[in-house]
Amino acid sequence: MAEISISLPQGDKKNFPVGIVAHEALKELVSNKVRKNTIAVRLNGELRDLSTVIQQDTELEPVSSDTSEGLVILRHSTAHVMALAVLELFGYEVQVAIGPATDDGFYYDFDRGEPFSSEDFEKIEAKMTEIAAARVPFVMKRVSKAKAISVFKEKNQAYKLELIADIEDEEVNLYQLGDFVDLCRGPHLPDTGWLKGFKLLRLAGAYWRGDENRQMLQRLYGTSFFDAKELKSYLYNLEEAKKRDHRKLGKDLELFTIQDQVGPGLILWQPKGALLRKNIEDFWKAEHYKHDYELLYTPHIARRDMWKTSGHLDFYGENMFSPMDIDDVSYQLKPMNCPFHIAIYQTRKRSYREFPIRWCELGTVYRYEKTGALHGLMRVRGFTQDDAHIFCRPDHLAEEIFNILELNLNILKAFGFEDYDIYLSTRPEKYVGSDEHWQQATEALKSALEKKGLAYELDPGEGVFYGPKIDIKIKDVLGRSWQCSTIQVDFNLPERFDISYTGADGNEHQPIMIHRALMGSLERFFGVLIEHYAGAFPVWLAPVQARILNITDAQLDYTEEVYRALRKLGVRVEKDDRNEKLNYKIREAQVQKVPYMLILGDKEVESKTVTVRLRNGDNLPAMSVEEFVDIIRKESEILN
RNA sequence: GCCCACGUAACUCAGUAGGUAGAGUACUUCCUUGGUAAGGAAGAAGUCACCGGUUCGAAUCCGGUCGUGGGCUCCA
C-alpha cells in the first residue's frame, strides 16, 4: 500500500497509508494529552476538520481548544448548533442565512414569519444543551455545486442558493449536523460534546447581506466557551462594562443629560460635565497656541448658497438638516466648519509668506442622523468638533501632516490613550477633484505616517468625497476602539471657492487645504473618557478635585476658611458641611469619585491642617492647605 | 430609516385573571454632633411617555405618535 509522510511543524515525521484520517494520524504523532485538546488541524497552513482524509505528503499541526483559533471554531460550531435547535423547534421551513463567529461570540441570521421572543431564547438554549449532551457529530461532505444546489432546492433554502451562486469553486462543503445541512467553509468541532458554556445574548434585525433595501432577517447573537467558568467570567465582564457605560455614569455623576423635550441626539452639559469640558478646551487651546495655531469663532448657520458653492448640498445633503427661511432667504445649519474658515481666508489677499495658515475652532456642527444610529454621547445630532484648517502649498503638505500627527498623538497621550489603529482611506466612488490631485494627497499622507513610524492599514475607497484621509481610532482600557481623529486633505474646496495666494513668482496660485480634528467631537471624546476612566477622572480633568468634609458643626468656620482659601488658589473644591455623619459624607464623595477628601475635625482646626483621604481609601498625613495645593498642582501637570 | 424589546415618582425598579398606584434611594422637616463607604423619625412627591380606541371601568388590552435600548445601515 502506498504511503505518505506526515510531519509536525517542529519536524517530527512519520509515514502513514494514503487516505488516513487526520485524527488517526495524530494518535501516532502527538501525546494523548495534546490530542485530548485538539479540535481541528492545520494542513499545509489551512484549517481543516479533525476528520479530514489525508491523501498526500503534508505538514499537519494540531489546533488546540485553548487557542484563539480553537475558540473561533467552537463559536462557529455553536452557531450551527443554534441553527439546528431553531429548526428543530420552529420547523425546517425557517430560512437560514449566515452564521459566523464574531470577535466575542457568534450569530446566525434567520428568516421566519414570526419574531423570536425572549421565551424562545430559553427554549433554544435548552434544545442546544440537549444537542450538546447528545454529542452529535459534524459531518463534512465535499460535493459539486450542482449537488449542493439540488440539496438546498429540496430543502427550500433560498439564501443558501444565493450564496452558492456567488461561489467560484466547482465544489463546496456541506456540513451535516443532525438533520441540519449547511453550506459552510468550516472547519468544525468533531462533535457537539465540546459545547460546555454558551448563552444566547440578544436578538436584532439585520439586513440580508447588509443591504437596507433587502430582506430584514432576525439575528440571534450568542457566545460560547470551552469552559462554563469562562462563560461566567465573560458575563461578569459584560456587567462590569455596563457599570462604566457613559450613559449611566453621565447620569450618576451629573455630567450630561439628553432629554425628550430638547430632542434626541442633543446634549446638555451639566455643571460637572461643563467644567470637565472647560478643562479639555483650555488644554486644547494652550496646545494649539504652542503649535502656532490661531483661534477662530464662526456662526452656526449660513446662507444656503454658500453650501451650494461648497458642494455640501450635493455631496453631504442627506446629512444636513432642512433649510430655514429667513426674510425670504434660505439658510442652513452647518454640518461642517470649513466654508466659514474659507470665508475668513477671503477677507484679503493672501501671500505665500503667511503660509502655512493654521486656523482652529471648537466649532459646533449639526448633522442629521437616523434615529436608530443615535447613541448617548457617541452618536449625536449636534456636536462640537475640535476642528482646524490649514492653508498651504503642496510642498508644505507632508510636513504639515507630520506636525499634525505629532500634536495629535501628544494630545491623545495626555488623556491616557497610547494605543491606536490608524487607517489611510483612499478615493471613494463618489468624489470630486482630479485623479492626479488625489494621488498627490494620498502620497503626502502616506509619507507623513511613514516618517512618524506609524503602522497603518489601507482602507480603499473609504475617503471623503473631497480628499483622502487618515483616521485614528483610539483604544480604551477595555480594548474597545473609538474613531476620533481624522486628517483630510482637500484640493476641492479651494477650487470651489476659487481662493488663491500670491506666490514668490508674483502669480496667483491655489492653496491646498487640510481639515483635521483630533478629539473628533468633544461629545464623543467625553463619552470615551468617561468609560476609559470609569468616571474616576485624573486630577487635572476632574470637575471636583477635592471635597471638604467636616466632622461636626463645631468645624463650620474652619471649613469655610479652608474652602475659601482653596478656591482662591484655583483648586476645584466643594464642601459638604451638612449635618451628617462622616461615614455618610465619605461614602457620597466616594460614589462621586472625587479624587481627594479633606477631613476637618477638632484636631485639624487646632493645628490648622487638613487630613487627606484618597479616592482609593488611603490617607495622607495631616498637612497645611498650601501643602495640599502643591499636591494638586503637581498632579495637574500634563505633557512635560 | 428598518427589525425586536422597552417607556410607572428626581433615580433604580415592583405592580398579568383590566377596578382610579407601591418600595428603596434622593428631597424637605425634626431628633441626633457622630473621625474614614449609608444614625433615627416624619413628610412631600406620579397627567402610570403622548394621542386615540375597546370596556361600566385601562398603568394593565388594541392602534398610532414620540423617546430609549440592542442590532442592521451610516459615521465625528
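Numbering (my numbering), first residue to last: 142 to 781. Quick reminder that beta carbons are idealized off the backbone N, C-alpha and C, glycines included.
Exercise. With DSSP as the reference, label Asn781 as helix, strand or coil.
Key: Taking the first residue of the first sequence as position 1, residue 781 is located at position 640. No answer about Asn781 holds up, because its pLDDT of 44 lies below 50 and its placement is not dependable.
Practice problem: Have a look at Glu598 and Ala267 and give me their C-alpha separation to the nearest angstrom. | Solution: Looking up residue 598 in the first sequence gives position 457. Looking up residue 267 in the first sequence gives position 126. Taking the straight line from one Cα to the other gives about 43 angstroms.
Quiz item: Between the segment 510–528 and the segment 632–650, do three or more beta carbon pairs fall short of 8 angstroms?
Solution: No contact exists between the segment 510–528 and the segment 632–650.
Self-check item: Cβ contact check for the segment 412–426 and the segment 570–581: 3 or more pairs under 8 angstroms
Solution: No, the segment 412–426 does not touch the segment 570–581.
Quiz item: Quick one: what does DSSP say Thr643 is sitting in, helix, strand or coil?
Solution: One-based indexing of the first sequence puts residue 643 at position 502. Strand.
Exercise. Measure the CB-CB distance between Val280 and Val292 and report whether it falls below 9 angstroms.
Key: The sequence position of residue 280 within the first sequence is 139, counting from 1. The sequence position of residue 292 within the first sequence is 151, counting from 1. Against a cut-off of 9 angstroms, the Cβ pair of Val292 and Val280 comes out as no contact.
Quiz prompt | Pairwise C-alpha distance: Val237 and Arg216 | solution = By one-based count along the first sequence, residue 216 stands at place 75. By one-based count along the first sequence, residue 237 stands at place 96. Spanning the two alpha carbons is a distance of roughly 17 angstroms.
Quiz item: Quick one: what does DSSP say Tyr248 is sitting in, helix, strand or coil?
Solution: Taking the first sequence and counting its residues from 1, the one referred to as residue 248 is at position 107. The three-state secondary structure of Tyr248, taken from DSSP, is strand.
Quiz item: Per DSSP, Pro278 is paired with what?
Solution: Locating residue 278 in the first sequence gives position 137, where the first residue counts as 1. Bridge partners of Pro278 according to DSSP: Asp332.
Quiz prompt | DSSP beta-bridge partners of Tyr507 | solution = Looking up residue 507 in the first sequence gives position 366. Its beta-bridge partners are Gly523.
Quiz item: Looking at Asp207 and Asn178, is the spacing between their C-beta atoms short of 9 angstroms?
Solution: Start at 1 with the first residue of the first sequence, and residue 178 comes out as number 37. Start at 1 with the first residue of the first sequence, and residue 207 comes out as number 66. Remark: C-beta atoms of Asn178 and Asp207 approach each other more closely than 9 angstroms.
Practice problem: Inspect the beta-carbon positions of Gln151 and Asp252 and report whether they are closer than 9 angstroms. | Solution: Numbered from 1 along the first sequence, position 10 holds the residue referred to as residue 151. Numbered from 1 along the first sequence, position 111 holds the residue referred to as residue 252. No. Outside cutoff.
Quiz prompt | Thr752 in three-state terms, based on DSSP | solution = Against the first sequence, residue 752 aligns to sequence position 611. Three-state result, Thr752: strand.
Practice problem: Mind reading off the beta-carbon distance from Asp528 to Ala658? Whole number of angstroms is fine, and I expect it under 8 angstroms. | Solution: Counted from its first residue, the first sequence places residue 528 at position 387. Counted from its first residue, the first sequence places residue 658 at position 517. About 5 angstroms separates the beta carbon of Asp528 from that of Ala658, a gap short enough to meet the 8 angstroms contact definition.
Self-check item: Exposed unless 16 or more other CB atoms sit within 10 angstroms - verdict on Glu747
Solution: Position 606 of the first sequence holds residue 747. Glu747 should be labelled exposed.
Quiz item: Counting along the chain, where does the beta strand (DSSP E) carrying Gln473 start and finish?
Solution: What you label residue 473 is simply residue 332 of the first sequence in a count that begins at 1. For Gln473, the enclosing beta strand (DSSP E) starts and ends at 470–474.
Quiz item: Near Ala242, which residues of its chain fall below 6 angstroms by C-beta distance, leaving aside the five closest residues on each side in sequence?
Solution: The residue labelled residue 242 in the question sits at position 101 within the first sequence. Shown here for Ala242: same chain residues with a beta carbon closer than 6 angstroms to its own, the five before and five after excluded, namely Val213, Arg216, His217 in chain order.
Quiz item: Is there contact between the segment 586–595 and the segment 700–710, where contact requires at least three CB pairs shorter than 8 angstroms?
Solution: The count of Cβ pairs closer than 8 angstroms, one atom from the segment 586–595 and one from the segment 700–710, stays below three, leaving the stretches out of contact.
Self-check item: Close-in-space but distant-in-sequence residues of the same chain around Gly404 (CB under 8 angstroms, 5 per side omitted)
Solution: By one-based count along the first sequence, residue 404 stands at place 263. Counting only Cβ-Cβ distances below 8 angstroms, and skipping sequence neighbours, we find Arg522.
Quiz item: Taking just the CA atoms, how far does Asn297 sit from Asp320?
Solution: Residue mapping note: residue 320 aligns to position 179 of the first sequence, counting from 1. Residue mapping note: residue 297 aligns to position 156 of the first sequence, counting from 1. About 14 angstroms.
Quiz item: How many angstroms separate the CA atom of Gln731 from the CA atom of Tyr509?
Solution: As a working note, residue 731 is residue 590 in the first sequence. As a working note, residue 509 is residue 368 in the first sequence. Between Gln731 and Tyr509, the C-alpha separation is close to 39 angstroms.
Exercise. Hey, could you find the ends of the alpha helix (DSSP H) Gly414 is sitting in?
Key: Counting from one through the first sequence, the residue named residue 414 turns up at place 273. From DSSP, the alpha helix (DSSP H) with Gly414 extends over 412–431.
Practice problem: May I have the straight-line CA-CA distance separating His432 from Gln629, to the nearest angstrom? | Solution: Within the first sequence, the letter at position 291 stands for residue 432. Within the first sequence, the letter at position 488 stands for residue 629. Counting only the Cα atoms, Gln629 lies some 19 angstroms from His432.
Practice problem: Look at the Cβ atom of Gly602, then the Cβ atom of Lys610, and state whether they are nearer than 9 angstroms. | Solution: For the purposes of this step, residue 602 is taken as the residue at position 461 of the first sequence. For the purposes of this step, residue 610 is taken as the residue at position 469 of the first sequence. Against a cut-off of 9 angstroms, the Cβ pair of Lys610 and Gly602 comes out as no contact.
Quiz item: Can you name, in chain order, every residue of its own chain whose Cβ lies under 6 angstroms from the Cβ of Ala220, other than the five neighbours on each side?
Solution: Here residue 220 refers to the residue found at position 79 when the first sequence is read from its first residue. Spatial neighbours of Ala220 in its own chain (CB-CB distance under 6 angstroms, excluding positions within 5 residues in sequence) are listed in chain order as Gly240, Phe247, Tyr249.
Exercise. With a threshold of 8 angstroms, establish whether the CB of Phe257 neighbours any heavy atom of the ligand MG.
Key: Only the bare structure without any ligand can be found here, which leaves the ligand MG out of the picture.
Quiz item: How should Asn781 be labelled, buried or exposed, when 16 other C-beta atoms within 10 angstroms of its C-beta is the threshold for buried?
Solution: Here residue 781 refers to the residue found at position 640 of the first sequence. Residue placement at Asn781 cannot be trusted, given a pLDDT of 44 that sits under 50; what the coordinates show is reported in the next sentence. Here Asn781 is exposed: its Cβ has fewer than 16 other Cβ atoms, across all protein chains shown, within 10 Å.
Quiz item: Near Pro278, which residues of its chain fall below 6 angstroms by C-beta distance, leaving aside the five closest residues on each side in sequence?
Solution: Numbered from its first residue, the first sequence carries residue 278 at position 137. Cβ neighbours of Pro278 beyond the five flanking positions: Asp332.
Quiz item: Pick from Ile531, Glu721, Lys168: whose alpha carbon is nearest that of Leu634?
Solution: Start at 1 with the first residue of the first sequence, and residue 634 comes out as number 493. Leu634 has its Cα closest to that of Ile531, out of Ile531, Glu721, Lys168.
Quiz item: Got a sec, what are the start and stop residues for the beta strand (DSSP E) Gln624 sits in?
Solution: Along the first sequence, one-based indexing puts residue 624 at 483. Annotation for Gln624: the continuous beta strand (DSSP E) segment containing it runs 622–631.
Quiz item: Which stretch, first to last residue, makes up the beta strand (DSSP E) that contains Arg657?
Solution: Within the first sequence, numbered from 1, the residue matching residue 657 stands at position 516. Run containing Arg657: 653–662, per the beta strand (DSSP E) assignment.
Quiz item: Should the segment 188–198 be called in touch with the segment 154–174, which here means at least 3 C-beta pairs below 8 angstroms?
Solution: Yes, since at least three Cβ pairs between the segment 188–198 and the segment 154–174 fall closer than 8 angstroms, the two stretches touch.
Quiz item: Quick check: the segment 495–506 against the segment 432–445, are there 3 or more CB pairs under 8 angstroms?
Solution: Here the segment 495–506 makes contact with the segment 432–445; the two share three or more CB pairs at distances below 8 angstroms.
Quiz item: So is Glu559 buried or exposed if we call it buried at 16+ other beta carbons inside 10 Å?
Solution: Numbered from its first residue, the first sequence carries residue 559 at position 418. Taking every protein chain shown into account, the CB of Glu559 has fewer than 16 other CB atoms within 10 angstroms, so this residue is exposed.
Exercise. Pull up the CB-CB distance for Cys501 and Leu437, whole angstroms please, since I reckon it's below 8 angstroms.
Key: Counting from 1 along the first sequence, the entry for residue 501 is found at position 360. Counting from 1 along the first sequence, the entry for residue 437 is found at position 296. Their Cβ separation, rounded to whole angstroms, is 7 angstroms, which keeps Cys501 and Leu437 in contact under 8 angstroms.
Quiz prompt | Option nearest Val573 by Cα separation, candidates Tyr564, Thr270, Glu541, Asp631 | solution = Reading the first sequence from its first residue, position 432 is the one you call residue 573. Nearest in C-alpha terms to Val573, of all of Tyr564, Thr270, Glu541, Asp631, is Asp631.
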